[in-house]
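For the first sequence, numbering that gives the first Met the number 0 gives the first residue as 0, with consecutive numbering after it.
Here the structure comes first, spelled out in structure tokens, and everything after it is commentary.
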Amino acid sequence: MIFLRNPNIFLCESSRELMPEQTFTRAAEVIPSEDSVTIRGWIYRIRKMKDKIFVVLRDASGIIQCIGQEDNLNPEAWKMLNEAAIENYIIVEGNPVEDNRAVNNVEVKLTDFKLMHKGEIFPIAKDKSKEFMLDNTHLFVRSFQSTNVWKVKASVLRASREWFFENDFYETTPPILTGSACEGGSTLFSLKYFDSTAYLSQSIQLYLEALIYSLEKVYAITPSFRAEKMRTKRHVNEFWHIEGEEAFVDFEGNMKIQEDMVAYIVQYVLEHNEKEFRELKRDTSVLESIKAPFKKVSYKEAIDTLNENGFDLQWDDDMKTEEERALSNIIGEPFFVRDYPSKHKPFYVKLHEDDPKWCYSADLMAPEGFGELITGGQREDVLDTLVRRIQEEGWEIEDYSWYVDLRKYGSVPHSGFGLGAERLTWWLCGLDTIQETLPFPRTRNRVYP
RNA sequence: GCCGUUGUAGCUCAGUCCGGUGGAGCAAUCGGCUGUUAACCGAUCGGUCGUGGGUUCAAAUCCUACCAGCGGCGCCA
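This is the structure we're talking about:
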């Protein structure tokens, strides 16, 4: 294949190789017209009558109703139409006409019908349980319930990249295979790495921290793995992590970056995914009112608010799911919980200079009871303090020697955060479980298909 | 790991409390059919009731052991 300078010419040439002399109209783009259209896709629904058959064709863009009548089709096409079944691959040709009895008020009167692949009976029918769908994920990914979510998620990833690009962040590619833990040892997946042991990354944060010394503002979008044996609506064992790290940015500046980015993503999906939200029956009124800056509540204020609403918590109690959900519903808009008690946060979080029982860590919470989207904060940049914190947690300094090294050569104040792509998509789409935001969710009991 | 719960047709479920020849809808097959919207109507096909053991004249149903799934919590993005 010749690579031509003009990318459009290149695309033309390559698609001609795939499907010569043929242009197809996308299902959602069919409009009433004098001209005949050719569409390819899969059968979404088919309804057979004596002398006419309604076939609803699905492609990546959406659906279009077609009507095949015995009088208008050659015998071979009529025969194939009668044999056709759900999810068969078809190519149809016909005249698009306005008709308010059809979806989108357009219908294609077929002049030709080709059954390209009949195949076997599609196993997914009307009645379906969540377990059955998970067993058949490879087929369920064709459903609109799924594809609408994949489209929103694609927007989330695209919008976050756009935001980073517009704000002078470099995209980087840190390793997913690693020789040491990030947050501790308890939830790592380990694997044989030649003659030693390696782990799947839980977060590439520590590597991003190394990269700020040259690129200053960096981000990466990578899978993260947590070997936790939990079964909840908001956890999966493999998820996509959108992580940013910024030199010369303090705790406040870090929160500003997060709220600007999340507000941008929300705005982007509202503009680009209106159809998907409508089909997912997502009421977007909460999303429409979201603007940066977000409300900020200190951990202490959060505890007080909860206690005023019937809880009985101490200032340094760890907030549980029930409490976080309650707080999210009380506040009703995205908000940060800031300045956590240090004892609940890992060694790399910077402590308050005047009172080390608090630290510069903040969680961004989604409203409507969805809870945490982001954890972020300022990192400890003083060598001695970092070493002491690692020792206090009982880790071996040797395991973190490269990370400790970063504070020896031109250490600078810096901050960062980790946003869960699935958490965000889950909330934006208003789904029941986070598992629905992944085509092949990895959970405690499921790595197949 | 803890607590709860479920296992009956390819799929979704009823039947279990109170033992007496296993049901429905969907799918599939065949037939019918008025422009259908997960079309509709009729018929047909389809099950060692999770597995082993026990009680009983008789077990999907009662007892027991085991297996598997699901939900919630611990955690966190």
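Every residue, glycine too, gets a C-beta built ideally from N, C-alpha and C.
Enclosing alpha helix (DSSP H) for residue i [first to last residue]
i, result
"Q144", "F143 to E165"
"Y212", "Q204 to L214"
"K344", "Element bounds for K344: n/a, residue is neither H nor E."
"Y198", "No alpha helix (DSSP H) holds Y198; the beta strand (DSSP E) holding it covers S195 to L199."
"F335", "Where F335 is concerned, there is no enclosing alpha helix (DSSP H), although the beta strand (DSSP E) it sits in stretches over F334 to R337."
"H137", "T136 to F139"
"N306", "Y298 to E307"
"V55", "Looking at the DSSP string, V55 is not in any alpha helix (DSSP H); the run it does join, the beta strand (DSSP E), is K51 to D58."
"Q390", "L382 to E391"
"I330", "T320 to I330"
"Y402", "S400 to D404"
"E33", "Neither: E33 is in no alpha helix (DSSP H) and is coded neither H nor E."
"E287", "S284 to E287"
Span separating the alpha-carbon of residue i from that of residue j
i, j, result
"D167", "S213", "13 Å"
"F139", "P412", "47 Å"
"C358", "K290", "26 Å"
"I90", "E435", "31 Å"
"N73", "D111", "8 Å"
"K129", "D431", "11 Å"
"M318", "A301", "9 Å"
"M364", "P292", "13 Å"
"D231", "T320", "Reading off the sequence shown, one finds Thr at residue 231, where the question assumed Asp. Between T231 and T320, the C-alpha separation is close to 11 Å."
"T384", "G419", "29 Å"
"F164", "E307", "43 Å"
"C329", "Y192", "The question names Cys, yet the displayed sequence has Ile at residue 329. Those two C-alpha atoms are separated by around 48 Å."
"E421", "L437", "7 Å"
"R157", "A219", "13 Å"
"E371", "W162", "21 Å"
"F131", "R443", "17 Å"
"L382", "Q144", "50 Å"
"R25", "C65", "13 Å"
"T424", "W239", "11 Å"
"P333", "G429", "14 Å"
Own chain, CB closer than 8 Å to residue i, minus 5 neighbours either side, in chain order
i, result
"T186", "Q201, R225, A226 and E227"
Three-state secondary structure assigned by DSSP to residue i
i, result
"H271", "helix"
"N104", "helix"
"H234", "coil"
"A420", "helix"
"S223", "strand"
"N5", "Confidence is the limiting factor: at N5 the pLDDT is only 37, short of 50, which leaves the residue's position unreliable, though a coordinate-based value still follows. Looking at N5 - three-state DSSP - the assignment turns out to be coil, as it is neither helix nor strand."
"Y447", "coil"
"F112", "strand"
"K129", "helix"
"K78", "helix"
"V217", "strand"
"W394", "coil"
Unbroken beta strand (DSSP E) run spanning residue i, endpoints
i, result
"M364", "S360 to A365"
"T37", "V36 to K47"
"L190", "S189 to Y192"
"I373", "G370 to Q377"
"P95", "Y88 to E97"
"G67", "G61 to Q68"
Contact set for residue i: own chain, Cβ-Cβ below 6 Å, skip 5 residues either direction
i, result
"S32", "P95"
"T172", "none"
"Y447", "none"
"K344", "C358 and S360"
"R337", "K295, S297 and A361"
"R39", "F23 and I90"
"E12", "Bear in mind that a pLDDT of 42 at E12, under 50, signals an unreliable position, so the number given afterwards is only what the model happens to contain. Counting only Cβ-Cβ distances below 6 Å, and skipping sequence neighbours, we find nothing."
"S410", "D380"
"A101", "Q64"
Residues of its chain near residue i, where Cβ-Cβ distance is below 7 Å and the 5 sequence neighbours each way are ignored
i, result
"T283", "L269 and F276"
"Y43", "V55, L56, R57 and I62"
"L305", "L312, E322, A325 and L326"
"I123", "N135, L138 and F139"
"L10", "Residue confidence is low: L10 scores 37 on pLDDT, short of 50, so the model does not pin down where it sits. Its coordinate-derived value is still stated next. So no residue of the chain qualifies."
"N272", "K150, V151 and S154"
"Y88", "W41, M115 and H116"
"G331", "P366"
"S35", "E92, G93, N94 and T110"
Proximity of residue i and residue j at Cβ, strictly below 7 Å
i, j, result
"Y169", "V217", "yes"
"A209", "G178", "no"
"S360", "N253", "no"
"D50", "E28", "no"
"E379", "Y347", "yes"
"D315", "P340", "yes"
"S159", "I241", "yes"
"E237", "P222", "yes"
"T37", "E92", "yes"
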